[in-house]
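> Start counting the sequence shown at 12; every next residue gets the next number (this note's numbering). Following this message is one structure expressed as structure tokens.
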Amino acid sequence: MVRFEISIDHSRCSDPLGCGICLKICPTAVFVARPSQMFKFRETPGALYRIKPLYASMCTGCMECAVKCPAGAVRVERSNVR
Ligand code: SF4
Ligand code: SF4
12 MVRFEISIDH SRCSDPLGCG ICLKICPTAV FVARPSQMFK FRETPGALYR IKPLYASMCT
72 GCMECAVKCP AGAVRVERSN VR
């Protein structure tokens, strides 16, 4: 069975909500944007959101996210799972 390991270099992805290309482009909706911190009585600033490959098991390996990410922050690697 072929699976894909997806990693995000958060130091390169500085404005995940402003960009969001990987969120929109993935045909199987692998990615979500989640706040990395929560604050009492105020919203989390956009820069503190992080892209997570929450549904990585749905990845088909099309590589669109890695190719289209303007920051080169997405890596998709094939991993063989028995
Ligand atoms: S390689 Fe394709 S299917 Fe997999 S996470 Fe990226 S855009 Fe989605
Ligand atoms: S496409 Fe790249 S820079 Fe844009 S939100 Fe996704 S990981 Fe961040």
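Ideal placement from N, C-alpha and C gives every residue a C-beta, glycine not left out.
State the start and end residues of the unbroken beta strand (DSSP E) segment that holds V43.
Along the sequence shown, one-based indexing puts residue 43 at 32. Where V43 is concerned, the enclosing beta strand (DSSP E) stretches over V43 to P46.
> Tell me, to the nearest whole angstrom, how far the beta carbon of I17 is from that of V85; I am working on the premise that it is less than 8 Å.
In the sequence shown, the residue the question calls residue 17 occupies position 6. In the sequence shown, the residue the question calls residue 85 occupies position 74. About 7 Å separates the two Cβ atoms, so the contact holds.
> Mapping the DSSP letters down to three states, classify E16 as helix, strand or coil.
The residue labelled residue 16 in the question sits at position 5 within the sequence shown. Of the three classes helix, strand and coil, the one that applies to E16 here is strand, per DSSP.
> Let me make sure I understand the geometry here. Which of C73, L28 and R14 has the alpha-carbon closest to that of R61?
Locating residue 61 in the sequence shown gives position 50, where the first residue counts as 1. Checking every option, the nearest Cα to that of R61 belongs to L28.
> Classify S68 as helix, strand or coil using the three-state DSSP reduction.
Position 57 of the sequence shown, counted from the start, is the residue given in the question as residue 68. Here S68 sits in helix by DSSP.
> What number of angstroms, rounded off, separates the C-alpha of V43 from the C-alpha of D20?
The sequence position of residue 43 within the sequence shown is 32, counting from 1. The sequence position of residue 20 within the sequence shown is 9, counting from 1. Going by the C-alpha atoms only, they are around 15 Å apart.
> Return yes when the C-beta of K88 is under 6 Å from any heavy atom of ligand 1, and no when it is not.
For the purposes of this step, residue 88 is taken as residue 77 along the sequence shown, with counting starting at 1. A small correction: the amino acid at residue 88 is Glu; Lys does not occupy that position in the sequence shown. Incorrect: E88 has no Cβ contact closer than 6 Å to ligand 1.
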